[in-house]
Amino acid sequence: MAATAPTARPQTRSMIIAGLSTVVEWYDFTLYLYLATVLSRVFFGGGENALLATLAGFAVSYLMRPLGALVFGHLGDRFGRRYMLLASMLLMTVAMLATALLPTFESIGAAAGVLLLLLRCLMAFSVGGEYTGVVAYLLETAPVRRRGLVTSLASAASEVGALLAVALSALTVALLSTAQLDGWGWRIPFFVGAALAGAILLARSTMHESPEFERQQAEGTVPTSPIRDSWRHHKPAIARTFAISALGSITYYVGITYVPAFLGSAGQVSESEALWLSTVAAVAVIVVTPLAGALSDRVGRRPVLIALAALSVLLPLTMFSVMAGGSTVAIGLAAVVLACLAGGVSAVAAPATAEQFPGEGRLSGLALGVTMATAFFGGATPLLAELLVRHTGWSSAPGAMIAVVAVLVLPVMWTLRETRPR
Numbered sequence: 072m073a074a075t076a077p078t079a080r081p082q083t084r085s086m087i088i089a090g091l092s093t094v095v096e097w098y099d100f101t102l103y104l105y106l107a108t109v110l111s112r113v114f115f116g117g118g119e120n121a122l123l124a125t126l127a128g129f130a131v132s133y134l135m136r137p138l139g140a141l142v143f144g145h146l147g148d149r150f151g152r153r154y155m156l157l158a159s160m161l162l163m164t165v166a167m168l169a170t171a172l173l174p175t176f177e178s179i180g181a182a183a184g185v186l187l188l189l190l191r192c193l194m195a196f197s198v199g200g201e202y203t204g205v206v207a208y209l210l211e212t213a214p215v216r217r218r219g220l221v222t223s224l225a226s227a228a229s230e231v232g233a234l235l236a237v238a239l240s241a242l243t244v245a246l247l248s249t250a251q252l253d254g255w256g257w258r259i260p261f262f263v264g265a266a267l268a269g270a271i272l273l274a275r276s277t278m279h280e281s282p283e284f285e286r287q288q289a290e291g292t293v294p295t296s297p298i299r300d301s302w303r304h305h306k307p308a309i310a311r312t313f314a315i316s317a318l319g320s321i322t323y324y325v326g327i328t329y330v331p332a333f334l335g336s337a338g339q340v341s342e343s344e345a346l347w348l349s350t351v352a353a354v355a356v357i358v359v360t361p362l363a364g365a366l367s368d369r370v371g372r373r374p375v376l377i378a379l380a381a382l383s384v385l386l387p388l389t390m391f392s393v394m395a396g397g398s399t400v401a402i403g404l405a406a407v408v409l410a411c412l413a414g415g416v417s418a419v420a421a422p423a424t425a426e427q428f429p430g431e432g433r434l435s436g437l438a439l440g441v442t443m444a445t446a447f448f449g450g451a452t453p454l455l456a457e458l459l460v461r462h463t464g465w466s467s468a469p470g471a472m473i474a475v476v477a478v479l480v481l482p483v484m485w486t487l488r489e490t491r492p493r
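In the numbering used here, the protein residues as written are 72 to 493.
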């Protein structure tokens, strides 16, 4: 009875809180990219290379994500998922509030950009274990035959955060003049993010612990060295999660978050129009994500991932070509297609990666696989895509980046062991 009692108490409210809490993580990082052109003026003084410096800061900060994932993964595997999720959200709240209060380039010169970078690194460190922690918590709390749907809510909530970021960015840009935006308006979305993070921190304090971790406590199987154990015993699983997450990362960061900067650089639409198009794309992803998760419950993770990888080879090249020279309607449709593709991959990748590991050491295994892939194929890819477009003049270069990664990971998807519970 002692081993089963913890799982008998209601977990629905805790699942909802966990599922919604990824809103903050993706709100912040998406906000940074959607306001990249504004931040380049505010913190780097504008000029030809200011946007590159802003994107480079985003890429450099992402190197902190694997470190944060390992630290928080160890905490979650040793002391509980709830403890880890509270600690990561506290750091995120502090980082967002401090960003909103930063002095600008006009006030302190180049030091403004340095301070922004340091806070991005703190945010990336705290986010490192956030997403994998939420995914693991949802997987361990969900009904067995609904794990794909429930775990995909982490991705859906991420898109809600992205939607809030792009909508608030679009509204701020539309209502304020450039002088007002650069002077004080850019702070508004970051203050909103800090308030949102604080509210979710309070909600998380009421969450129950994961039933899986309670089982480990009851049975005395909590690992003492989860990172070492995962690396020693689960290298193939780490490699599989790396491949799955590589596709999810590059489709998301190139196919969704880089698109506003791409449209602005291509000159096809205005800064405000690019943000509104991204808002429409975010809504489409919120609809697609739970559908993809539910489909993986019905037909399996493997066939859905194979289909999405194949589509990632074929579609992105064409979609970026359309966005570089099509009508406003065509550009919008292309952005929606890319966003839905990325949302589908993220939805199925969430349960598929978490199911590669046993409960003991699950967070550490995900840190070694998922977050490493995100560091390589996430943070640096918007910068790389921008550089490729500038130096080659080929508007479809970002689509080619996605296609190359898809080709490389497709064999892994094909040989993937099905993990959907039957």
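Each residue gets a CB set at the ideal place from its N, CA and C atoms; glycine is no exception.
Predicted model only: the values in this text are computed from it and were never measured.
Give every residue of the same chain whose Cβ lies closer than 8 Å to the Cβ of residue i, excluding the five residues on either side of it in the sequence, and list them in chain order.
| i | result |
| --- | --- |
| A74 | The predicted position of A74 is uncertain, since its pLDDT is 37 and thus under 50; no value can be drawn from it. |
| V198 | E96, D99, F100, R136, G139, S159, M163 |
| T78 | For T78, the pLDDT reaches just 45, beneath the cut-off of 50, and the residue's location in the model is therefore unreliable, leaving the point undetermined. |
| V408 | L386, M390 |
| G184 | F114, F115, A124, G128, F176 |
| I88 | I271, A274, R275, T277, M278 |
Whose CA, out of the options, lies closest to the CA of residue i?
| i | options | result |
| --- | --- | --- |
| A127 | H145, C192, V441, A169 | C192 |
| I271 | V460, R311, V94, M484 | V94 |
| I259 | A169, A456, I321 | A169 |
| T486 | G403, F391, A380 | A380 |
| V375 | A420, G199, V478 | A420 |
| V441 | A308, F391, I473 | A308 |
| S341 | K306, T399, A236, R299 | T399 |
| R369 | L239, E489, L235 | E489 |
| V215 | G151, E283, T249 | E283 |
| S85 | A183, A274, F333, P429 | A274 |
| A266 | I327, L189, A171, W302 | A171 |
| L110 | G219, V263, F143, L186 | L186 |
| A355 | G335, W302, L404, A378 | L404 |
| G430 | E211, R373, E280 | E211 |
| D300 | I327, G335, R491, G432 | G432 |
| T239 | A181, G184, L102 | The question names Thr, but residue 239 is Leu in the sequence shown. It is L102. |
| L252 | A228, T108, A401, I402 | T108 |
| K306 | F428, R493, A406 | F428 |
| A207 | G144, I179, G180, S229 | G144 |
| L235 | L190, R493, F261 | F261 |
| L382 | L189, A474, D148 | A474 |
If you run the structure through DSSP and keep just helix, strand and coil, what is residue i?
| i | result |
| --- | --- |
| A73 | At A73 the pLDDT is 35, less than 50, meaning the model places this residue with poor confidence and gives no usable figure here. |
| E426 | coil |
| E489 | coil |
| W347 | helix |
| V340 | coil |
| A238 | helix |
| Y154 | helix |
| G200 | coil |
| T463 | helix |
| P13 | Lying outside 72 to 493, the shown extent of the chain, residue 13 is not represented and no answer is given. |
| P214 | coil |
| M443 | helix |
| T277 | coil |
| P81 | Low confidence applies to P81: its pLDDT is 48, below 50, so where it sits in the model is not reliable enough to give any reading. |
| A456 | helix |
| V293 | coil |
| E283 | helix |
| M255 | Rather than Met, the amino acid found at residue 255 in this sequence is Trp. Reduced to three states, the DSSP call for W255 is helix. |
Which same chain residues, not among the five before or five after residue i, have their C-beta less than 7 Å away from its C-beta?
| i | result |
| --- | --- |
| G256 | T243, L247 |
| A268 | V95, M160, M163, T164, M167 |
| V476 | A317, L318, I321, F448 |
| S466 | A337, F391, S392, A395, V460 |
| P174 | A183 |
| S112 | The sequence given here places Arg at residue 112; Ser does not occur at that position. Same-chain partners within the cutoff: A121, D253. |
| P482 | none |
So, using beta-carbon positions, are residue i and residue j closer together than 7 Å?
| i | j | result |
| --- | --- | --- |
| G449 | Y329 | no |
| T445 | S320 | yes |
| Y105 | P294 | no |
| F129 | F176 | no |
| A353 | A233 | yes |
| T452 | T312 | no |
| G371 | R217 | no |
| G326 | A228 | no |
| E230 | G151 | no |
Please return the same chain residues whose Cβ sits closer than 6 Å to the Cβ of residue i, not counting the five positions on each side in sequence.
| i | result |
| --- | --- |
| A195 | S132, Y133, M135, R136 |
| L479 | none |
| M72 | With a pLDDT of only 33 at M72, under the threshold of 50, the placement of this residue in the model should not be trusted; the figure read from the coordinates follows. Nothing meets the Cβ criterion. |
| M484 | L376, I377, A380 |
| V416 | L318, G319, T322, L379 |
**Asked** Three or more C-beta pairs closer than 8 Å, one from the segment 425-443 and one from the segment 301-316: is that the case here?
**Response** Between the segment 425-443 and the segment 301-316 there are three or more inter-stretch CB-CB distances shorter than 8 Å, so the stretches are counted as touching.
**Prompt:** Okay, do the segment 113-126 and the segment 408-426 touch, 3+ Cβ pairs below 8 Å being the bar?
**Reply:** Verdict: no, contact absent.
**Message:** Under 8 Å: do the segment 350-362 and the segment 209-225 share three or more Cβ pairs, one atom per stretch?
**Reply:** Contact between the segment 350-362 and the segment 209-225 is present, because at least three Cβ pairs lie under 8 Å.
**Prompt:** Should the segment 365-372 be regarded as contacting the segment 141-155, the criterion being three or more beta carbon pairs within less than 8 Å?
**Reply:** Contact between the segment 365-372 and the segment 141-155 is not established, with fewer than three Cβ pairs separated by less than 8 Å.
**Request:** Count the CB pairs spanning the segment 386-396 and the segment 465-478 that are closer than 8 Å, and state whether there are at least three.
**Result:** Yes, since at least three Cβ pairs between the segment 386-396 and the segment 465-478 fall closer than 8 Å, the two stretches touch.
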